[in-house]
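Residue numbers (the numbering used here), protein chains in the order written: chain X, 105 to 385; chain C, 4 to 671.
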Amino acid sequence: MNGQSQALAIGWLVAGMAAYALTTVVGLAGEVSRALVVRRIGAACLTLATLVNIGALVALGVEADRAPFKTRYETLFLYATCIALVCLLLIAMHRLFILSFFGALGAGACLFAAYCRPDLESELLPPALQSAWFVPHVVTYFFAYAGLFASFVLAAMALIKAWRAQLSPATASIDPDVPIPYEDAAHKAAIFGFVTLTFGLAMGAAWGKSAWGDYWQWDIKENWAFVTWLAYLTYLHLRLLPNWRGRRALWLNMASFAAVMFTYLGMNLLPTAQDSLHVYQ
Amino acid sequence: MTTQTASTAAADVQTEKKNGLTTPARQVPGLAVFTGLLVLVQHVWVEHAAKAKWPVGPSLFVVVIAALGLYWLIRARNSLVERLGSAGFAVTILLFLGAATAAGTMTPQQMTRPDQPVGLGDNLAGLLFLNDVFHSLWYAGLLGLLSLSLIVTVLQRPFWKPYYWGFLLAHCGLVIVVVGGSLGRWYGETGRMNLRVGQSSNSFQVIQRGIITDQAKPLDFALRLDAFDVEKYPHKYPPRLMVFQMKAHEENPMPICTHAVKEAGSGFTVPNTDLKVQVKEFYPDIQVTDTMVETNNTDMPPSAEIRLKEGSEEAHYWLVGGFSPHMALHASGLDVEWGDLKDTEWLNRTKEGRPARHWITLPGSSQSILVQVGQSYPIPGDKGQFTVQAFYPDFRIDMETREASSASDQPLNPSLQIEVQNEKGERQRQYLFPGAEGHMGKENALELAYRFEAGSAQITHLIRLDGAGLQFAYAFDGREIFRSPFELGKPVEIPLERASGQRTVEFTVLNILQHAQSEQITSTLSQEPRNPGVRVEISSESQNFSTEALLIAKGEESWTEIGPDLILAMDARDQEVKSWKSHVSVLRDGQLIRKATIAVNAPLSYEGYAFYQSDADESDPNYSGLRVAKDPGVGVAFAGMILVCLGATYTLYVRPRLRKEAGVEEAA
């Protein structure tokens, strides 16, 4: 890394954080005012912030001279991008304008975390990561994580709505601008996340076979990816049961997202983490 | 949308409603009993394997529980199928599996060898086999029960109808993955093959449950390592100084700052402190030479600069008056010392000395016997004999090849290799270490006590230099062989007595200093950053100190403490490995079958075996570590994964559309 390219990547990072911060303000204003024009401006701001985020990701890739998906720092850029893109997609498909606020909040938090603990310099790819599976496996996983983040947020909104409806049924009603209930939206986002997780898991197995000769080594990261997959599989099935649909399933959805975060960021806390082939350094 | 699809969708919704009868909460007790039974069975089996006899009490207990379980199953057979095929039942198994998997990540795995079973009651990890949970019977049992549940759930539905194709693919796909994994577990083979360039092997070392065993699996062919290439990335980064904050229990701390070093004069401040680090001198390929210089301090001893040359070998050093450096040429015990030649006591040092001795105390005896390498000794009670095969002064063992060696000639970790042959003629190798309990080998080894007696250094060849008298003498075996005056810079040929015959060494006194002190000369061998070193000044205004340090990246002085829990280190930034490539030949009966190149992510497949580039040794450029795998279930497992992906996509995206088009409401 030379100083010039490092400064460029940091510059894009700061611009991205600023763009997401603006989007959270406009997005929140849109939800408070419920004015469609403000909500649309919020979505536009999120689009602009996403473009800046993509610029930051590209700058990081240019600086590293490879796909920037190796370290925690680099994947935070990718995760922010995926969160923003998935939220934009959900806004476009289902008019879930509240995701302008939450998407910007989530993506901005990722960039902020990256800013707080940047890589001192870009790293070279070791032999195991020089694989055609590197990019599709990582990208698929982060799109899955983004979908599950959106599901988590929408599940929280659904629970909040239900709680407010209990307190004041007259004032808390389904948002007329949103054609589908939040619970349904959370379910759809979880489906996207789960299906993408499944593909990501299969890709990881294929890569493991070609690199290490074993498609499943009961590595800690693999195990937690499996636990995450099981958690959402459980959620999707339990939601079919009459006495589970509703609040219970929503809480299970939110708890399953904890597994996502643990798999992505929390593994270093385990005493056995150093045994893993996947732990970020 | 056809009427058939509409009715199928409606029936599907009704099935989902019925699933409410078998909620997860109701499944937990039965699954807990099932899991507990499997844990008990495994404990009984493990205990049998350890003691080679059946533990009657626990076995009866298991049989009784199993019989009760079977009785319950028969009584509940009418609702059993419905329960097995319900979503609630499958979900409960998923929860058990999830909890087991999570617990497995918090317990170090595969720490328990298969031949060292963990008994009941040691701790929770031992009780539930958590330290090898993924190979435990109860984990496998849950996977098997899940597969059964998935099959039943598929059979409960008209899976031949397009509406259910996704359901069929997803659920059967998961079963197929389990089948593929099981095939790999039961019939697969995994191992390691370590080769050096020019070496071939027709077997590999078996890996079982993740542990490298002593067992070798033969192959019908051989693999020869013709060449091994290590490609490194070009130097991307200059050497750097790094500051670490040391925290308790952190084995690999992250640096809090780094500073690229390209030339002298640069510097930086350590974040959150006022510590300043200034690079005074930079040596890309540092060489540090200790030399002596003349001093006015008359308390300092004299020193002589000596050169010894034997054949093509040359040794050069400073001899300080009053000290006897132990300097070896060809590691053959040639010493040079400073002293008065009138004092003949020095001749005795070429005669004294004693070699190392090995004492062994046999079992049941209080007497020790002196043993020698290469000799055999009987074991009392006609229980066979043991042979002392080798002595390793500084014992090391390669855990993969199980080959022993000595890291040096110094008795830092002495070990005696013996082979025990019992009355049946069975042989077993053991490594003995000093101390009553020290031995290494398989169980049931002969309990021998080994005592090592280090020998005294035997100086066989000694040159004594009398700097005051400007002469020197050479002695061997207590006799003075040669004496001569010397002139500075003029070499003198000395005949040395060697075991291989008489050899000649050229002895030259290059310089004599009357009063000398040591000085370090630092220089750089080249501008290539092979072993960078820096002289830095570290200062702090608040703590009012300033100090200098010499840091050498590839040396013992690569780091220094600069503050409370703060370490400053020099990092060479060696070129990182880009790829390892093993160029191999496949041979059968000595005939070349094919040539291939094995690299990471590019294995070699031959006759069902796949060879993967696993690792290399930075200190040995001719070594290549290969992983060997044969998995008859891998195709099955991947087929299953593909089916799961397709099935999940169809079920979660296509089927809802079919329902919507059929006008069927989702289950309420």
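Built from N, CA and C at the ideal position, the CB exists for glycine as well. None of the values given here were measured: they were computed from a predicted structure.
Identify whether residue i lies in helix, strand or coil by the three-state DSSP scheme.
| i | result |
| --- | --- |
| Met-573 of chain C | strand |
| Met-402 of chain C | coil |
| Ala-173 of chain C | helix |
| Glu-326 of chain X | helix |
| Thr-294 of chain C | strand |
| Asp-480 of chain C | coil |
| Gln-375 of chain C | coil |
| Lys-313 of chain X | helix |
| Arg-486 of chain C | strand |
| Ser-139 of chain C | coil |
| Gly-120 of chain X | helix |
| Ala-208 of chain X | helix |
| Gly-370 of chain X | helix |
| Thr-115 of chain C | The predicted model places Thr-115 of chain C with a pLDDT of 38, which falls under 50 and marks its position as unreliable, so this point remains unresolved. |
| Met-196 of chain C | strand |
| Asp-288 of chain X | helix |
| Ala-293 of chain X | helix |
| Gly-270 of chain C | strand |
| Ser-529 of chain C | coil |
Hey, how far is the Cα of residue i from the Cα of residue j?
| i | j | result |
| --- | --- | --- |
| Trp-348 of chain X | Gly-91 of chain C | 10 Å |
| Leu-553 of chain C | Ile-541 of chain C | 11 Å |
| Leu-140 of chain C | Arg-360 of chain C | 52 Å |
| Tyr-124 of chain X | Val-142 of chain X | 16 Å |
| Cys-220 of chain X | Met-249 of chain C | 20 Å |
| Tyr-626 of chain C | Arg-597 of chain C | 21 Å |
| Lys-663 of chain C | Val-136 of chain X | 34 Å |
| Val-391 of chain C | Phe-231 of chain C | 38 Å |
| Gly-115 of chain X | Met-644 of chain C | 42 Å |
| Leu-98 of chain C | Leu-145 of chain C | 10 Å |
| Asn-275 of chain C | Met-573 of chain C | 21 Å |
| Ser-529 of chain C | Ile-259 of chain C | 30 Å |
| Ile-195 of chain X | Val-65 of chain C | 58 Å |
| Met-197 of chain X | Leu-203 of chain X | 12 Å |
| Pro-659 of chain C | Thr-652 of chain C | 11 Å |
| Ser-549 of chain C | Thr-244 of chain X | 54 Å |
Once the 5 residues before and after residue i are set aside, which same chain residues still bring their CB inside 8 Å of it?
| i | result |
| --- | --- |
| Pro-241 of chain C | Ala-263, Val-264, Lys-265, Pro-532, Arg-576 |
| Glu-317 of chain C | Arg-310, Leu-311 |
| Gln-45 of chain C | Phe-132, Ser-139, Leu-140, Trp-141 |
| Ile-179 of chain C | Val-639, Ala-640, Ala-642, Gly-643, Leu-646 |
Leaving out five residues on either side along the sequence, give the residues of the same chain with a beta carbon under 6 Å from the beta carbon of residue i.
| i | result |
| --- | --- |
| Leu-40 of chain C | Ile-68 |
| Thr-367 of chain X | Trp-328, Ala-329, Thr-332 |
| Ser-269 of chain C | Val-282 |
| Met-196 of chain C | Ser-204, Phe-207, Leu-629, Val-631 |
| Ala-599 of chain C | Val-587, Leu-607 |
My guess is that residue i and residue j are in contact by the Cβ rule of under 8 Å, so how many angstroms apart are they, rounded?
| i | j | result |
| --- | --- | --- |
| Gly-251 of chain X | Thr-300 of chain X | 6 Å |
| Ala-452 of chain C | Tyr-434 of chain C | Contact doesn't hold; Cβ gap of about 14 Å is too wide. |
| Ala-93 of chain C | Thr-26 of chain C | About 12 Å; that fails the 8 Å criterion. |
| Leu-186 of chain C | Val-639 of chain C | 6 Å |
| Pro-488 of chain C | Phe-455 of chain C | That pair is no contact at about 45 Å. |
| Asn-126 of chain C | Thr-110 of chain C | Not quite, the Cβ-Cβ distance comes to about 10 Å (not below 8 Å), so this is no contact. |
| Gln-420 of chain C | Ala-393 of chain C | 4 Å |
| Arg-506 of chain C | Glu-313 of chain C | 6 Å |
Excluding sequence positions up to five away, which residues of its chain have a Cβ less than 7 Å from the Cβ of residue i?
| i | result |
| --- | --- |
| Ala-188 of chain X | Leu-150, Ala-153, Thr-154, Asn-157, Gly-207, Ala-211 |
| Ala-266 of chain X | Arg-351 |
| Gly-387 of chain C | Val-423, Gln-424, Asn-425, Glu-426 |
| Ala-217 of chain X | Leu-180 |
| Leu-342 of chain X | Trp-348, Ala-353, Leu-356 |
| Leu-87 of chain C | Leu-151, Ser-152, Val-155 |
For the region 263-283 of chain C against the region 517-526 of chain C, are there 3 or more C-beta pairs whose distance is under 8 Å? No, they do not touch.
Say whether the region 620-634 of chain C touches the region 196-211 of chain C, bearing in mind that this needs 3 or more beta-carbon pairs closer than 8 Å, one atom from each stretch. Contact holds: three or more Cβ-Cβ distances are below 8 Å.
Stretch pair the region 318-330 of chain X + the region 290-299 of chain X: three plus CB contacts closer than 8 Å: Cβ pair count under 8 Å is below three, so no.
Can you find at least 3 beta carbon pairs, one from the region 352-365 of chain X and one from the region 251-261 of chain X, that sit closer than 8 Å? Counting Cβ pairs under 8 Å, three or more are found: they touch.
Would you check if the region 142-161 of chain C and the region 614-623 of chain C touch, i.e. whether three or more CB-CB distances between them fall below 8 Å? Here the region 614-623 of chain C does not lie against the region 142-161 of chain C, with fewer than 3 beta-carbon pairs under 8 Å apart.
For the pair the region 554-570 of chain C and the region 298-311 of chain C, tell me if three or more CB-CB distances fall below 8 Å. They do not touch, by the three-pair rule.
State whether the region 220-227 of chain C contacts the region 419-436 of chain C, with contact taken as three or more CB pairs (one from each stretch) at a distance under 8 Å. No, the region 220-227 of chain C is not in contact with the region 419-436 of chain C.
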